[in-house]
Amino acid sequence: MNDLTVFNFQSQPIRTYADKNGEPWFCLSDTCAALNISRYHPDRLPQKGVTICCTLTKGGNQELTFVNEPNLYRLVFRSNKPEAQKFANWVYEEVLPSIRKTGSYAVKPHDSIINISDIKKSIKAGVKDLFRPYAGHDAYYNIGDEEIVGYMSRWYWTRHRSVLKALEEKDEQIRTLQNKINQIKAVI
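Convert by adding 340 to the 1-based position in the sequence shown; the result is the number in the working numbering.
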């Protein structure tokens, strides 16, 4: 299997894959390592949600045990380790009460979400004020709102593309360094 996706839980990599129905499966050994569970046997879980996949690793092809999402929850909720309890508490204290009260769980909207249409209106108003003194003097300045926004957008992206690219490169360097720091911390 080469369709693995790796994500980190508290700087611990966990290999996952999605089956043909799009359902996630989690590598049991990675999950146990992330939850600080030293010995766990897949026989303790319902076998319907356990599968063995031949996976390419650094040591060559190996058979790894993967569990489905319900079995992942069973594994977490049975554990008394602090790492597992943190996740379990979130489910018990936030997710389940929300489902009981409202019938669903949704992340609370963030107050500082930017409304793009409001920004467009502000830019249009500001640019119109800038061009107002020239409105009657020349047909060149008699342009519509959409054209003004288009000019401003093109100006912004042509002038700032190199800055944005440099920022993205720095962000990638920071992520790489943070991963190395986390690996060093794990060894120490």
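All C-beta atoms in this analysis are idealised placements derived from N, C-alpha and C, irrespective of residue type, glycine included.
For Arg355, does the three-state DSSP call read helix, strand or coil?
-> Within the sequence shown, residue 355 is the residue found at index 15, counting from 1. Note: Arg355 maps to strand in three-state DSSP.
Within 10 angstroms of its Cβ, does Trp430 collect 16 or more other Cβ (buried), or is it exposed?
-> One-based indexing of the sequence shown puts residue 430 at position 90. Classification of Trp430: exposed, given that the 10 Å Cβ count is below 16.
Minimum length 4: unbroken alpha helix (DSSP H) runs contained in the stretch 358 to 398 | 368 to 374
Could you tell me whether the stretch 389 to 409 touches the stretch 347 to 354, where touching means 3 or more Cβ pairs closer than 8 Å?
-> no
With a CB to CB cut of under 8 Å and the five nearest residues on each side skipped, what residues in its chain are close to Glu403?
-> As a position in the sequence shown, residue 403 is number 63, starting the count at 1. Once the five neighbours on either side are set aside, the close Cβ partners of Glu403 are Ile392, Cys393, Cys394, Thr395.
DSSP-derived helix/strand/coil call for Leu404 | Locating residue 404 in the sequence shown gives position 64, where the first residue counts as 1. In the structure shown, Leu404 sits in a strand (DSSP, three-state: E or B).
Buried versus exposed call for Thr442 [16 or more other C-beta atoms within 10 Å across all chains shown] = Start at 1 with the first residue of the sequence shown, and residue 442 comes out as number 102. Its Cβ having fewer than 16 others within 10 Å, Thr442 is exposed.
Distance, Ser462 Cα to Thr356 Cα | Here residue 356 is taken as the residue at index 16 of the sequence shown, counted from 1. Here residue 462 is taken as the residue at index 122 of the sequence shown, counted from 1. Going from the Cα of Thr356 to the Cα of Ser462 covers about 45 Å.
If we ignore side chains and look at the alpha-carbon of each, how far apart do Ser369 and Gln352 end up?
-> Your numbering for residue 369 matches position 29 in the sequence shown. Your numbering for residue 352 matches position 12 in the sequence shown. About 11 Å.
Would you mind working out which of Arg384, Ile354, Leu385, Glu363 sits nearest Ala373, comparing C-alpha positions?
-> Sequence index remark: in the sequence shown, residue 373 carries index 33 (1-based). Selected option, being the one with the closest Cα: Ile354.
Asn429, DSSP secondary structure in three states = Locating residue 429 in the sequence shown gives position 89, where the first residue counts as 1. Asn429: helix per DSSP, three-state reduction.
Identify the continuous alpha helix (DSSP H) that holds Asn420 and give its terminal residues.
-> Along the sequence shown, one-based indexing puts residue 420 at 80. Segment: none, Asn420 is in no alpha helix (DSSP H) and carries neither H nor E.
Opening and closing residue of the beta strand (DSSP E) in which Val435 lies = As a working mapping, residue 435 is identified with position 95 in the sequence shown. Counting along the chain, Val435 falls outside any beta strand (DSSP E), and DSSP gives it neither H nor E.
Just checking my contact of Leu415 with Tyr380 at CB under 8 Å: how many whole Å lie between their CB atoms?
-> In the sequence shown, residue 415 corresponds to position 75, counting from 1. In the sequence shown, residue 380 corresponds to position 40, counting from 1. Contact holds; Cβ gap of about 7 Å.
Through-space distance from Asp383 to Asn408, alpha-carbon basis | Numbered from its first residue, the sequence shown carries residue 408 at position 68. Numbered from its first residue, the sequence shown carries residue 383 at position 43. Using only the alpha carbons, I get a separation of about 14 Å.
So which of Pro437, Pro410, Pro386, Ser378 has the shortest CA-CA distance to Phe366?
-> In the sequence shown, counting from the first residue as 1, residue 366 sits at position 26. Considering only alpha carbons, the answer is Pro410.
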